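Trainee: In the numbering used here, the protein residues as written are 51 to 230.
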Amino acid sequence: MRGGTLVDLRRHAQADRKVFVEWYQDAEIAEMLRHDLAPLTASQAGNYFDSIILPASARGTCWAIFEHGSDRLVGSTALVDIDPVKGNSLFRLVIGDKETWGRGYGTEATYLVLAEAFLRLKLNQVNLEVFSHNPRAQRAYARVGFLRTGQHLEWVGRVNRQIEVLHMSISAAAWLATAP
Numbered sequence: 051m052r053g054g055t056l057v058d059l060r061r062h063a064q065a066d067r068k069v070f071v072e073w074y075q076d077a078e079i080a081e082m083l084r085h086d087l088a089p090l091t092a093s094q095a096g097n098y099f100d101s102i103i104l105p106a107s108a109r110g111t112c113w114a115i116f117e118h119g120s121d122r123l124v125g126s127t128a129l130v131d132i133d134p135v136k137g138n139s140l141f142r143l144v145i146g147d148k149e150t151w152g153r154g155y156g157t158e159a160t161y162l163v164l165a166e167a168f169l170r171l172k173l174n175q176v177n178l179e180v181f182s183h184n185p186r187a188q189r190a191y192a193r194v195g196f197l198r199t200g201q202h203l204e205w206v207g208r209v210n211r212q213i214e215v216l217h218m219s220i221s222a223a224a225w226l227a228t229a230p
C-alpha cells in the first residue's frame, strides 16, 4: 500500500487476527487507547477485528502496520468517521507490539496515513483524540504537525476516575506545507 523507511502500511489479512486480539486484551494498551480503560475479551477483540477492521481495510481506510521490509505486524491504524461533505475524518492508531515502542513507528505510520488522507482521499482535515496520560502519542502527533485544538473530561465509572481527552487536528494545507 504505502511504505516508509521504518514501517509499511498494508491491508489487514485474517492472519493478523491472532496478534490483534492479543493487543486488545492487554491492560497497558487499553489504558492508553480505550475510553473505558479496560481490555477487551478475546471474543470482543475478535469480533471487532472481523466486523470493523477487516471491512475497513478492504475499503482502504484501515491498515496493518508492519516493520519495514518484514512480516512483523507492529500495529494498526485507520481513518474513521470520514465525512465526505466536510472533508474530514478521525484518526486512530495503536502500536500493539510493545517491543517496538519508542522507535518512531507510530510517528511514521501517522505520516503515511496523512498522505493517504490528503493525497488519495482528498480530505481537508484529520482530527484525533488522545488521552493526556499518553504523552508519547502526543509527541508523535505533534512531530507530524497535529495541533491541540481543545479537550474534554470523561468520567470512567469502572475505575472511578476522570480522564482528560485532548483534541488535535491537522489540515491538508498545513501538512502539505511541511511534507517532503
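Note that CB positions come from ideal geometry on N, CA and C, so glycine has one too. Note that the structure is a prediction, hence the values are computed from the model and not measured.
Do you know offhand how far K148's Cα is from A227's?
Mentor: 32 Å
Trainee: Could you please give me the residues that DSSP links to D58 through a beta bridge?
Mentor: G53 and F116
Trainee: So, is the C-beta of Q94 closer than 8 Å to a C-beta in chain C?
Mentor: Among the chains in the structure shown there is no chain C, since it carries only a single protein chain.
Trainee: Using 10 angstroms around the beta-carbon of P105, count the other beta-carbons present and answer buried if the total reaches 16, otherwise exposed.
Mentor: exposed
Trainee: Which same chain residues, not among the five before or five after A165, have their C-beta less than 8 Å away from its C-beta?
Mentor: R52 and A229
Trainee: Hey, could you find the ends of the alpha helix (DSSP H) A63 is sitting in?
Mentor: Here A63 belongs to no alpha helix (DSSP H), and DSSP marks it neither H nor E.
Trainee: Helix, strand or coil, according to DSSP, for L178 in the structure here?
Mentor: strand
Trainee: Just the C-alpha distance for A190 and A224, rounded to the nearest angstrom, thanks.
Mentor: 16 Å
Trainee: Determine the direct distance from the alpha carbon of I220 to that of G152, and round the result to whole angstroms.
Mentor: 23 Å
Trainee: Taking 7 Å as the limit between beta carbons, can you name the residues of its chain near H202, skipping five residues before and five after?
Mentor: V215
Trainee: Measure the Cβ-Cβ separation of S139 and L173 and say whether it is below 8 Å.
Mentor: Against a cut-off of 8 Å, the Cβ pair of L173 and S139 comes out as a contact.
Trainee: In whole angstroms, what is the alpha-carbon distance linking E179 and M218?
Mentor: 6 Å
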